[in-house]
Structures are given as structure tokens and as C-alpha cells.
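Quick note, the sequences are listed as chains A and B, same order.
Take the first sequence: its letter number 36 is residue 36 in our numbering, and every next letter is one higher.
Offset between the second sequence (1-based) and our numbering: plus 1000.
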Amino acid sequence: MGEFQIENNIRVLRFQNGEMTQDELAQKAGVTRQTINAIEAAKYSPSLELAFKIAKVFDEPFENVFQYTKE
Amino acid sequence: MSRKEIYAWSSLVLTLAILGYYLISVFGLPAEVENYSEQITALIWKVIGIAFLVQLVLDLLDSTKIGGVAKDERDKLIESKAFRNAYYFLMVAVITLIVNVLITDAVSQASGEKLFLALPFMMFHILVFVLFTAILIKSGTQIFYYQRGI
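This is the structure:
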């Protein structure tokens, strides 16, 4: 069985939402810009609460923002 | 670089500088650099001063909430891993020291000679070194996870 990993569309969604900066998203989600950067680069898997907060900022269903896929 | 990462770097530099100053005070400088002792001491004090100022500014920023969130879940996760590693090291070092004290004490009693490592001042220096190393491990672990990702 292959390894699963968390992928996200945050970068795409930021640009679809008026070219929102990482800093703006970080402020809306209540985290640092570096954490948003780490999530985008798949260097950090956010907590369920933060993942839902990010989805709420974009007003998108959770699965449109984060996916759990096979490598 | 996040504030917590800068804090970890300044903490690492500050600890190294204080440890350096402590080691120089206790053991002195090697003969080759003895002539530069004043310059080396002045440099260490400058490093300590700068690192202390950086930490002070970061603490002030955190207390005034300027510049957004100071610490989030990722920072807390990295910090907890750093504390865990430092704690493991500290426990292993302290247990090793206690076992060492028991063994050297038994050997000293049997042979009637006081071993070098059993001397109280030597134990004190080793304990101080262990504590500084634990702080270095904490800062080092934080920097490692900030650079590599978690």
C-alpha cells in the first residue's frame, strides 16, 4: 500500500480570491505567514481546526481545499 | 523567517556566547590566542548584548501584539518537540552523572584515593555544561524543524 499525503489548493484559491497574499490569509486564519507558506509547500500538515478555518476563509467546502491522496 | 525562528537563532547564539565566556573564565584561553584575550572577551560581550537586545525586542513585540500572530500551532508543535529532545538529553545526562557519582564513590572508598571526576567542583562544571547543552539542543531542534519543515 502506497503512502498517502495531504495536498492542498491554497495557492490557486488565493489567486482566485483577488490575489490574496499569504499574509492576508494568515491574518484571517489566525496564524503566521510562515505557517501558511509551510502548508502551501506541503512542509506542514495543519490541525483539523486550522484546515477548516482556511476553508472557511475561502468559503469553499473542505475537500476543495485539502485532499488526502496517494503519492 | 518567523519571530520564533529568529528567537531560536538568538537563543542559540546567546547560549553559545555565555557558554564560551564561562569556559574561558574556568579553563582559560589556549596559549596560541592568549594575547587576544581582551578582543575575544569584548567580542563575546558584544554578541551577548546583541542577542539579548534581539530577544528583548521580540518579547516587546509579542507583548504589544504588533505585526500579527506571534505564536501559532506550528510554533507550539516545534517548541514541544524541542523541549522533548532537550528533556531526553537532560535525563540521560543526569542519570549518567548519578551512576558516575555512585561508581566513583565506590572506587574511591575501595582505593582510598579521590578520583578527579568525583571532585565537587568538577561535577559542578559538568552539570553547568549539561544544562547549557540542553538549551543548545532545544534551540537547535527548533531551527532544524523550522528549516526542514514538520
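Beta carbons are placed, not taken as given, at the ideal position from N, Cα and C, and that holds for glycine.
When DSSP states are grouped into helix, strand and coil, Thr-32(A) belongs to the coil group. Residue pairing of Phe-66(A) in beta bridges, as defined by DSSP: Asn-8(A). With respect to chain B, the C-beta atom of Thr-35(A) has a partner C-beta closer than 8 Å. With respect to the 8 Å criterion, Val-1026(B) and Val-1047(B) are not classified as neighbours on the basis of their beta carbons.
An exposed status is given to Ile-1103(B), since fewer than 16 other beta-carbon atoms sit within 10 Å of its beta-carbon. Within chain A, the residues Ala-38, Lys-43, Tyr-44 have their CB atoms less than 8 Å from the CB of Ile-1150(B), given in chain order. Taking 9 Å as the upper bound on Cβ-Cβ separation, chain A lies near residues Gly-1068, Val-1069, Ala-1070, Lys-1071, Asp-1072, Glu-1073, Arg-1074, Asp-1075, Leu-1077 of the region 1054-1088 of chain B. Listed along the chain, the chain B residues whose CB falls inside 9 Å of the CB of Thr-32(A) are Ser-1002, Arg-1003, Lys-1004, Gly-1068, Val-1069, Ala-1070, Lys-1071, Asp-1072, Arg-1074, Asp-1075. If you keep only unbroken alpha helix (DSSP H) runs of at least 4 residues inside the region 1067-1115 of chain B, you get 1073-1111.
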